[in-house]
Amino acid sequence: MMELTRFQQKIGGLLPHINLLFSEPLSKHTSFRIGGSAEVMAFPKNATQLSELLVTCKDLQTVPVILGAGTNVLAPDAGIPGLVICLKDCLDGMQRLDETHIRVFGGVTMTRAAVFAANLGLGGMEFAHGIPGTVGGGVYMNAGAYGGEICQICESVDVMDRTGKLTTYSVQEMEFSYRHSILEDNGGIVVSAVFALIPRPTEEIKATMKELMARRSASQPLDLPSAGSAFKRPVGGYAGALIEQAGLKGFQVGGAAISTKHAGFAVNLGGATAEDVKNLLKQVSDIVFERSGIRLEPEVRIW
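Residue 287 in our numbering sits at position 287 of the sequence shown, with consecutive numbering throughout.
Next comes the structure, spelled out in structure tokens:
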């Protein structure tokens, strides 16, 4: 039987009603399939339980790490001490508010939210259909694809701070920019978001989503573990094109490589470690800079 650490004993005793897993492999919860164990992983069922977790962490003087679907995360090989709070499928729920607005909770996947809107005959979320993360993660980083971004449809966000207090932010207060929101600066957690959409025939919306998914499947390495786009789009160019021009398609470090299908993706060929991926990203960034003068910055969140 596993011997519990002091922290595991403490948090298990304080929060027996919340689903907690001890020494849980992060590789099971990240799309890269990389990462050591979280000392404790918690799965709150609602905002009340999330608040309890945050208050307890404050009392225990530990800062929890927040995880959504893990689709844009590189978890460390050594794992994470303390608490990881996983929100995917936990903060769940979607509702129509009026003719053009829906509220979606942070643990819902972007794909589910887009399908929900489509079934209501509300367009504007088509771009989000193939984004693999959660709405919480998407709002947090202002996710986007195929010309669409969260900031274009987001009207307000219910945000919980690290003391468990809930506040509603307007879209202006979110300070959205390219792959960024104010939550990256203040540590706020997305509980739910209100999206303003446009009435459109469901058949047309679904046809657009099908077209975008076909484009994604044709151009992206969806058959291998990855975390989506490895680098942010640089000013004056595209990361994938710069990497390909540098002759780095297929470039490999350990078990990690630049995809031969799309140079903007780093993939796990099997058995890749976090160190492999970090070294790959650094070497690619350095080589591209030497050859183009443009420095690529990781879009992957490196824990």
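A virtual CB, placed ideally from N, CA and C, is assigned to each residue, including glycine.
Task: For V169, the first and last residue of its enclosing alpha helix (DSSP H) - done: Val is not the amino acid found at residue 169; the sequence shown has Tyr there. Element bounds for Y169: not the alpha helix (DSSP H) but the beta strand (DSSP E), L166 to S170.
query: Just how far apart, CA to CA, sit P343 and Q8?
result: Residue 343 lies beyond the residue range present for the chain, which begins at 1 and ends at 303; the question has no answer from this structure.
- Message: Quick check: what's the CA-CA separation for V277 versus E24?
- Response: 21 angstroms
From the DSSP output, in three-state form, read off S292 for me. helix
- Query: Among all the DSSP beta bridges, which residues are the ones paired with D158?
  - Reply: T168 and S192
Nearest to V40 by CA position, among P16, G270 and T48, is which residue? For V40, the closest alpha carbon among the candidates P16, G270 and T48 is that of P16.
Check: To the nearest angstrom, how far is it from the Cα of T168 to the Cα of A230?
Finding: 31 angstroms
Restricting to Cα atoms, I'd like to know which of T30, A143, S217 and G164 is closest to S181.
For the residues T30, A143, S217 and G164, the minimum Cα distance to S181 belongs to A143.
Checklist entry - Do you know how far the Cα of R200 is from the Cα of A227? => result 32 angstroms
Worksheet item: Would you call N72 buried or exposed, if buried means 16 or more other Cβ atoms sit within 10 Å of its Cβ?
Response: With 16 or more other Cβ atoms within 10 Å, it is buried.
Same chain, Cβ closer than 6 angstroms to I66, neighbours up to 5 away in sequence not counted: I85 and I189
Q | Beta-carbon separation (whole angstroms), C306 vs F22, contact threshold 8 angstroms | A | Absent from the structure is residue 306, since the part of the chain shown begins at 1 and ends at 303.
Q) Do G138 and A75 come within 7 angstroms of each other at the CB atom, strictly closer than that value? A) no
- From M160 to R291, what distance separates their C-alpha atoms? 44 angstroms
So the beta strand (DSSP E) E297 belongs to, where does it begin and stop?
That residue, E297, is in no beta strand (DSSP E); it is neither H nor E in DSSP.
| message | Restricting to runs no shorter than 3 residues, where is the beta strand (DSSP E) found entirely within the region 94-147? | response | Inside the region 94-147, DSSP marks whole beta strand (DSSP E) runs of 3 or more residues at positions 94-96 and 101-105, from first to last along the chain.
Only counting the same chain, and skipping five residues up and downstream in sequence, which positions put a Cβ closer than 6 angstroms to that of K261?
So the qualifying residues of the chain are P221.
Throw me the rounded Cβ distance for the A128 and G148 pair, which I believe falls under 8 angstroms. 7 angstroms between Cβ atoms; contact.
Rounded C-alpha distance that separates K282 from N46 = 39 angstroms
(Q) With the cut-off set at 7 angstroms, would you say S37 and G68 are in Cβ contact? (A) In this structure, G68 does not lie closer than 7 angstroms to S37 by Cβ.
### Query
Under the rule that 16 or more other beta-carbon atoms within 10 Å means buried, what is G264, buried or exposed?
buried
Item to complete: May I ask which residues mark the beginning and end of the alpha helix (DSSP H) holding S219?
Response: Taken as a continuous stretch (DSSP letters only), the alpha helix (DSSP H) holding S219 covers T202 to S219.
Open item on the list: Within a Cβ cutoff of 8 angstroms, which residues of the same chain sit near Q245, ignoring the five residues on either side of it in sequence?
Closed with: So the list reads R291 and S292, once near-sequence residues are dropped.
*Do you know whose CA, among Q252, G236, P225 and A214, lies nearest K28's CA?*
When the alpha-carbon of K28 is set against those of Q252, G236, P225 and A214, the nearest one is in P225.
For I287, which three-state DSSP category applies? helix
S307 - containing beta strand (DSSP E), residue span: Since the first residue shown for the chain is 1 and the last is 303, residue 307 is missing from the structure and cannot be characterised.
- Message: Could you check whether the region 92-107 touches the region 172-181, counting it as contact only if at least three pairs of C-beta atoms, one from each stretch, sit closer than 8 angstroms?
- Response: no
* What do you get for R295, buried or exposed, if any count of 16 or more other CB atoms within 10 angstroms of its CB means buried? -> Answer is exposed; the Cβ neighbour count stays below 16.
- Look at the alpha carbon of G130 and the alpha carbon of E52, and state the distance between them as a whole number of angstroms. 33 angstroms
If you follow the alpha helix (DSSP H) that I243 is in, where does it begin and where does it stop? A239 to Q245
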